[in-house]
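Residue numbers (full-length UniProt numbering), protein chains in the order written: chain L, 1 to 342; chain D, 1 to 342; chain R, 1 to 342; chain G, 1 to 342.
Number of protein chains: 4
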Amino acid sequence: MGARVAVAGASGYAGGELLRVLAGHPGFAIGTLTAGSSAGTRLGAHHPHLHPLADRVLEETTAETLAGHDVVFLALPHGQSGAIAATLGDDVLVVDCGADFRLDDAGEWERFYGTPHAGTWPYGLPELPGARERLRSTRRIAVPGCYPTVSLLALFPAYAAGAAEPDVVIVAASGTSGAGRSVKPHLLGSEVMGAMSAYAVGGVHRHTPEIAQQLSAVAEAPVTVSFTPTLAPMSRGILATCTAKAAPGLTATALREAYDRAYADEPFVRLLPEGEWPSTSMTLGANVAAVQVTLDERAGRIVAVAAIDNLTKGTAGGAVQSTNLALGLPEDLGLTTIGVAP
Amino acid sequence: MGARVAVAGASGYAGGELLRVLAGHPGFAIGTLTAGSSAGTRLGAHHPHLHPLADRVLEETTAETLAGHDVVFLALPHGQSGAIAATLGDDVLVVDCGADFRLDDAGEWERFYGTPHAGTWPYGLPELPGARERLRSTRRIAVPGCYPTVSLLALFPAYAAGAAEPDVVIVAASGTSGAGRSVKPHLLGSEVMGAMSAYAVGGVHRHTPEIAQQLSAVAEAPVTVSFTPTLAPMSRGILATCTAKAAPGLTATALREAYDRAYADEPFVRLLPEGEWPSTSMTLGANVAAVQVTLDERAGRIVAVAAIDNLTKGTAGGAVQSTNLALGLPEDLGLTTIGVAP
Amino acid sequence: MGARVAVAGASGYAGGELLRVLAGHPGFAIGTLTAGSSAGTRLGAHHPHLHPLADRVLEETTAETLAGHDVVFLALPHGQSGAIAATLGDDVLVVDCGADFRLDDAGEWERFYGTPHAGTWPYGLPELPGARERLRSTRRIAVPGCYPTVSLLALFPAYAAGAAEPDVVIVAASGTSGAGRSVKPHLLGSEVMGAMSAYAVGGVHRHTPEIAQQLSAVAEAPVTVSFTPTLAPMSRGILATCTAKAAPGLTATALREAYDRAYADEPFVRLLPEGEWPSTSMTLGANVAAVQVTLDERAGRIVAVAAIDNLTKGTAGGAVQSTNLALGLPEDLGLTTIGVAP
Amino acid sequence: MGARVAVAGASGYAGGELLRVLAGHPGFAIGTLTAGSSAGTRLGAHHPHLHPLADRVLEETTAETLAGHDVVFLALPHGQSGAIAATLGDDVLVVDCGADFRLDDAGEWERFYGTPHAGTWPYGLPELPGARERLRSTRRIAVPGCYPTVSLLALFPAYAAGAAEPDVVIVAASGTSGAGRSVKPHLLGSEVMGAMSAYAVGGVHRHTPEIAQQLSAVAEAPVTVSFTPTLAPMSRGILATCTAKAAPGLTATALREAYDRAYADEPFVRLLPEGEWPSTSMTLGANVAAVQVTLDERAGRIVAVAAIDNLTKGTAGGAVQSTNLALGLPEDLGLTTIGVAP
């Protein structure tokens, strides 16, 4: 029969992607779906592509509607996960796709989010050193942000190998679904088609401390991150160009070996053949990251590029991957690395 | 273990989509992959999104390389399927994604394709009246063209119910993958992004006689088709707006009932709730058609709109659906109606 | 110095395009700019591409702010033009980019717009038979809708020449700017990119009676129009595929001659060389329509295709073209037929 | 009457954009247009958007066809400009849109282009310190590359003010027209739509030494540049995110003042109001750069972002701007800063 799962926040893009992934997963039975202001409407009004689920009706997001499930996925606005999670028993696996439980440092949380820190849950990026063990025994998972997912997969092998100094510059281009379904003028199709724009420049994006925290943990030293997000004229996908100052004496061969080693057995990361560079089109709808790395000897910098689908490996697919681990299922159950292209 | 399948023409878009669908199908084992000028190269050079198959090497398309399979999918340029099919035994299921065996009428073939007619195979659109029976016992399948698939699904219920007169106007907008991977200047991204254009106007597109032939068969009378294809700035998807003169006395209720009846039990067609209209975004990567119909009483015309993914329901998914029937498998095995959106 | 012009509704897309065209026009001085809820904000907050005007502040739309101009362009929501126009003197040229004064028939207006009919002003499509004379002496201009502009330019020569019967089917694909700057979920970039969708199907779009009215006037007989608009993944442009039943005995040569005759001296319509078909990319930002026509003899239908930029020839450029006529300026002053491509 | 100008390489994207700009320029008369393999064809077959010039016939690119003009624009493949320029008299203004004469250092040229160095012409970016004087007296202009134009406009004020250390990271996203009209599979619309990809990573892009050379000249010290270009799903536009290590003690106020000072009187650069960030949609078809800068104090880096239209300010518009200077015309003659949006 499978574990019974609920999705809170099913009308948004993250919620819809969770349902797309869950509907094809043999280990889960889809239970209650909830929403905020859309409670009472048909799912098909929000996600007409989910044909078999289109007539499901969204309920309110309450302790009562979410009770009685084995797994509860939260795809709620930042700041709302803590209260609802507190109503769910310790035996329920709660998987938070929001930011609430990602940061270790309460001061950083307050600086970037402006509210009291709710706490810290195991960070759901299984590829990070030591992460799988933490995820296998947890009933609470903090799903990483989409930019941190792609940035960390691009850079952590360099830090794990001592190949990089703590000076990082990341410029990432995201599809518009990363902004969620918020109806704002600058997200209108007329505005975004045919245009690239920058936003949250200068270290103010909330994913900045999340990336720095995780890289610092791998490096076992504070890593400084200059992070600039940009908005690209596409619905899905993130391409992150990540550079770090190379450690003294680093060779191209040693760098390559570090990445080969890190990703030799990873089911959801593909280190591309040398000379090939990532495109988000390699990842659409798939739980996969495409990664490549090189050493720019003149500039003295490692340049690593990674691509993901922000909604799949960057949110819902990654969430299910960690959920599989927490439930003792095969990590790749119900997940594919094959994208839709062209 | 599953049936052993070969794909001839694996480097093109139809071939890549066949492999995407087949890789997720539990009843098939992927055998030989062949190509024309790309023989000898890695599949990953053409379809980097097919990560698990990326290191497969493409072979030549010959009788020898294709021998020893239970099913052979042909995704070859028009005119090349007949010769290779003749070398495959009658016990091999040959599924032709090209046009060679779609038309009944040799004169029409020669008029539109300019070469001798190769013959006629059972037409692989299971939703058409009587089609399933023909497909269940065949070892040769002519996969429909993408425009005919969507146009027929939009209109055949009207003709099956006697609701329409034989005067049809179809205007369809297709993503660029419908033109295949041909490297032509007008298909460059710089040219197609941000632009809609018309082509093959005035009844000269090769899918015109295919649509007319099938509608005439359903109507049991000659149906005249004015068909105009247009190129839309997207990779995948076809939206077909199809109008037919309403039969005298037709009511909106009777029209709706005709479509309800036609699609009540169809697993891969979704007649939308009244008031909702198809978008190709409901179908991306899915083996599904979204259909809606209305009666314009002032104009005296039925207007039916359908959306598909040209590569999935319009080619590879539809091909696998018919293959499932011919092999006695569940028709929906390995196929999903859930698309990738947004 | 030039005529002093005001733009009411300057924060929207039509208003922005009016300013883009007016800023390059040697005969005008840009005066007051007004808005509704955006009054008090900088123009640059809405139209950052209008760099030289970015610091202009938007005023309220009132009789007082609009007083003292030679020309007032109204780019207001439907239904708001009548009241404000009534406050402007008869000597002021009022150019309404809304629908309020386009329809002759009060019954049609009420059926499609649901409010009392405000009246009828000279229709600002100079290319129509007799239109230039009417526009040269007017102080009130009803700028045509974008779909009517492109549809009429595609089809009126056929009716002017008696080449077509009164049975018309139009399917048009529009960029999203045609929907204005309304912040609705289905217009989000995430929803529209990569997708074609249909809307207002079945003769219910408000441009339907406008097209029928003008074609009927040219044909001197009632013309029935089946019109289906679709939304394309691009910001600007309309491609209209327009078919009409051919008159008995019509030849391809006679049809071509009708179009050659209609457009031989038109500065803003380009009848393409035979064999070339319109793309909206031929028209981006230009006051031009690209037109082509053919006769589908098997289907017995004329197929005419036209492309425009919905904001330029379809709104602001067309408005300025008519304004030039009304002011006795050269019709092409400040207008270009050269688009931005690729 | 105006200066008589020829365009060599008129069938490509740079050539087409030159003609678009020149056609609206009151100081020029368009003379001979030449092409390579397209010689003998109509211009309209390549640039149907240039309606008034569509029937011009392209000639061969030879000394004879280019003789007799006051200005010759070269939009040729790299390496071809030197030979043809040598046939043009010293009194002819030769404006090379290719790379041949951009680099000072012959070693760098050979390293990146693999051919002998042709020489160095005055660099056509008037905004750089001292550039206007050099351009006012020249008969030879090397038009900058598109990535260098946008990167230099983003960063040079920081170096001119001594605000930045010589450690630069640039990640730029370009529309596909930057790759020219080369018919390569990865530039097909089906491949590029909906996708971001990286290429020429690791310091190997040919614009890297050009950026480094110019920044070093401004800084009067060697500047190291890590440059990564990416391909965005749009036809036109470059958004460059440029970071440089901040000089010790730099304050946000001092940084802002440096940019205010640099751009106070520049007609073609708009330093945005604080808090607004560039989008390529502010620049489409316009000879303008939109620039913004901030200081990321935690990361210790200046982050400057600039947007241009790669074909206009990045190529043809910039070329005409420098040409105006060299001819003693007003620098802004025939050029607009108003883009086409949305």
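We put the beta carbon where it would ideally sit given N, CA and C, even for glycine. From a predicted model like this one, the values you see are computed outputs, not experimental measurements.
When DSSP labels each residue in this structure, what does residue i get in the three-state scheme?
i: residue 292 of chain R; result: strand
i: residue 156 of chain D; result: helix
i: residue 270 of chain D; result: strand
i: residue 242 of chain L; result: strand
i: residue 221 of chain G; result: coil
i: residue 138 of chain D; result: coil
i: residue 331 of chain L; result: coil
i: residue 264 of chain R; result: coil
i: residue 297 of chain D; result: coil
i: residue 112 of chain R; result: helix
i: residue 95 of chain R; result: strand
i: residue 349 of chain D; result: Because chain D is modelled from 1 through 342, residue 349 of chain D falls outside the range shown and cannot be assessed.
i: residue 236 of chain G; result: coil
Going by Cα to Cα distance, which pick from the options is closest to residue i?
i: residue 118 of chain R; options: R:126, R:128, R:96, R:130; result: R:96
i: residue 322 of chain L; options: L:341, L:268, L:203; result: L:268
i: residue 147 of chain R; options: R:167, R:171, R:161; result: R:171
i: residue 285 of chain L; options: L:56, L:310, L:255, L:40; result: L:310
i: residue 183 of chain L; options: L:245, L:12, L:3, L:2; result: L:12
i: residue 128 of chain D; options: D:54, D:43, D:160; result: D:160
i: residue 256 of chain G; options: G:281, G:303, G:199; result: G:303
i: residue 93 of chain R; options: R:292, R:300, R:67; result: R:67
i: residue 75 of chain R; options: R:69, R:34, R:15; result: R:15
i: residue 72 of chain L; options: L:8, L:54, L:113, L:120; result: L:8
i: residue 21 of chain L; options: L:165, L:195, L:53; result: L:53
i: residue 326 of chain L; options: L:141, L:264, L:89; result: L:141
Tell me where the alpha helix (DSSP H) around residue i begins and ends.
i: residue 229 of chain R; result: No alpha helix (DSSP H) holds residue 229 of chain R; the beta strand (DSSP E) holding it covers 224-231.
i: residue 122 of chain L; result: No alpha helix (DSSP H) holds residue 122 of chain L; DSSP gives it neither H nor E.
i: residue 343 of chain D; result: Within the shown structure, residues of chain D are numbered from 1 to 342, placing residue 343 of chain D beyond reach of any answer.
i: residue 81 of chain R; result: 81-86
i: residue 65 of chain G; result: 63-66
i: residue 102 of chain R; result: Note, residue 102 of chain R: premise wrong, no alpha helix (DSSP H); not H, not E.
i: residue 23 of chain R; result: 13-23
i: residue 189 of chain L; result: 189-192
Any idea if residue i is buried or exposed, counting beta-carbon neighbours within 10 angstroms, 16 or more meaning buried?
i: residue 350 of chain L; result: The displayed coordinates of chain L run from 1 to 342. Any statement about residue 350 of chain L would go beyond what the structure contains.
i: residue 294 of chain G; result: buried
i: residue 262 of chain D; result: buried
i: residue 204 of chain R; result: exposed
i: residue 313 of chain G; result: buried
i: residue 5 of chain L; result: buried
i: residue 57 of chain L; result: exposed
i: residue 46 of chain G; result: buried
i: residue 210 of chain R; result: buried
Over the uninterrupted beta strand (DSSP E) stretch that includes residue i, give me the two end residues.
i: residue 322 of chain R; result: Not the beta strand (DSSP E): residue 322 of chain R falls in the alpha helix (DSSP H), residues 317-326.
i: residue 74 of chain D; result: 71-74
i: residue 165 of chain G; result: 164-174
- Query: For the stretch 233-251 of chain D, which residues have a CB atom closer than 9 Å to at least one CB atom of chain C, in sequence order?
  - Reply: Absence of chain C from the displayed structure is noted, the protein chains being L, D, R and G.
- Message: Closer than 8 Å is the cut-off here; do at least three beta carbon pairs connect the stretch 142-159 of chain D with the stretch 240-254 of chain D?
- Response: When C-beta atoms of the stretch 142-159 of chain D are compared with those of the stretch 240-254 of chain D, three or more pairs fall below 8 Å, so the two segments count as touching.
- Query: When the Cβ atoms of the stretch 163-170 of chain L are set against those of the stretch 247-265 of chain G, are three or more pairs found closer than 8 Å?
  - Reply: Look at the beta carbons and you see the stretch 163-170 of chain L not touching the stretch 247-265 of chain G: under three pairs across the two are nearer than 8 Å.
- Message: Is it the case that the stretch 221-236 of chain R contacts the stretch 191-199 of chain L, given that we only count it when at least three CB pairs across the two stretches are under 8 Å?
- Response: With a cut-off of 8 Å, the stretch 221-236 of chain R and the stretch 191-199 of chain L count as touching, because enough Cβ pairs lie within range.
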